[in-house]
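All remarks here apply to the structure that follows.
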Amino acid sequence: FFLFSNPSNCKMRTTAALLIACAFGATASAAELQVNQYEGPTECDDADKVKKGDYLSMHYTGTIDESSPAGEKGEKFDSSRDRGQTFDFTCGVGQVIKGWDEGLQGLCKGAKAKLIVPSEFGYGEVGAGDKIPGGATLNFDVEVVDITDPPARPPTPNVFKMIDTDEDNKLSVEEIEAYFKGMDKEMPEGLMESEDKDSDGFVSWEEFSGPKGDGPGGDEL
1473 FFLFSNPSNC
1483 KMRTTAALLI
1493 ACAFGATASA
1503 AELQVNQYEG
1513 PTECDDADKV
1523 KKGDYLSMHY
1533 TGTIDESSPA
1543 GEKGEKFDSS
1553 RDRGQTFDFT
1563 CGVGQVIKGW
1573 DEGLQGLCKG
1583 AKAKLIVPSE
1593 FGYGEVGAGD
1603 KIPGGATLNF
1613 DVEVVDITDP
1623 PARPPTPNVF
1633 KMIDTDEDNK
1643 LSVEEIEAYF
1653 KGMDKEMPEG
1663 LMESEDKDSD
1673 GFVSWEEFSG
1683 PKGDGPGGDE
1693 L
């Protein structure tokens, strides 16, 4: 999935990418986000209640709401249920549209609800693809399938340490060339000039712009 920071990059997809945030496409308005729970628990322990930072597994069906000033009312544009696979993401951190980030918080695990999402909380005046025009009010029939902690991020490789074969805490042209040769590639033109900011013929750990762990000889992240 992709986080679009520019609404002009938002394109209609057949997957849950339709939910990915186009935050800059929205404008201020008096329209309100509505959350109408129709099934499932309304009271639950905090561990089973959606809050910012929770990793959610959701089912949803998205349609153009009957109140929408744009689009074909009632038309379905996406559904995780049709695919038989939940849509998983971290809530409240901008991975999805504002209507989801705000509207899902407070729902319990197992809850089913309908989110009425004005364009200001969805895809703004730009829309998303062919079926969600700009200004459309959306209706999401959602189910909170599971709430867990976000998955651990995989460790970042210490590429500096991998290149520094003589372990002198600086990279020579020869070491960088050997690294690329090991991948059957040529060192990009101008790379050394770009990385060697003090022009001493070496790239220090501080100068190196790639993944490099906590220190020149330290453990990998």
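Take 1473 as the starting number for the sequence shown in my numbering and just add one per residue.
Glycine residues also receive a C-beta, built at the ideal position from the N, C-alpha and C atoms.
All values derive from a computational prediction rather than experimental measurement.
Query: Under 8 Å by Cβ, that's how I've got residue 1529 and residue 1562 pegged, so tell me the actual separation to the nearest angstrom.; Result: In fact, because the Cβ distance is near 11 Å, the residues do not count as touching under 8 Å.
Query: How is the alpha helix (DSSP H) around residue 1651 delimited, first residue to last?; Result: 1645 to 1653
Query: Could you tell me whether the region 1525 to 1543 touches the region 1595 to 1611, where touching means 3 or more Cβ pairs closer than 8 Å?; Result: yes
Query: So, under 8 Å CB-CB, residue 1619 and residue 1581 are touching, yes? Tell me the CB distance rounded to an integer number of Å.; Result: 5 Å
Query: Closest by CA to residue 1512, which one among 1667, 1578, 1671?; Result: 1578
Query: Looking at C-alpha atoms only, which residue of 1598, 1664, 1534, 1524 is the closest neighbour of residue 1551?; Result: 1534
Query: Going by DSSP, name the residue or residues bridged to residue 1599.; Result: For residue 1599, which the question treats as bridged, DSSP gives no partner whatsoever.
Query: Please report the residue range of the beta strand (DSSP E) in which residue 1664 lies.; Result: Residue 1664 -> not in any beta strand (DSSP E); alpha helix (DSSP H) instead, spanning 1663 to 1667.
Query: Roughly how many angstroms separate the alpha carbons of residue 1503 and residue 1565, rounded to a whole number?; Result: 22 Å
Query: Examine the Cβ distances between the region 1593 to 1600 and the region 1613 to 1632 and report whether three or more of them are shorter than 8 Å.; Result: no
Query: Out of 1524, 1681, 1626, state which residue places its alpha-carbon closest to the alpha-carbon of residue 1568.; Result: 1524
Query: Alpha carbons only, please: which of 1514, 1547, 1555, 1634 is nearest the one belonging to residue 1682?; Result: 1634
Query: Could you tell me which whole beta strand (DSSP E) segments of length 3 or greater appear in the region 1581 to 1625?; Result: 1584 to 1589, 1610 to 1620
Query: Thinking C-beta only, is residue 1609 closer than 8 Å to residue 1631?; Result: no
Query: Does DSSP put residue 1530 in a helix, in a strand, or in coil?; Result: strand
Query: So, at 7 Å on beta carbons, what are the nonlocal neighbours of residue 1676 in its own chain, with the 5 sequence-adjacent residues on each side left out?; Result: 1642
Query: For residue 1550, does the three-state DSSP call read helix, strand or coil?; Result: strand
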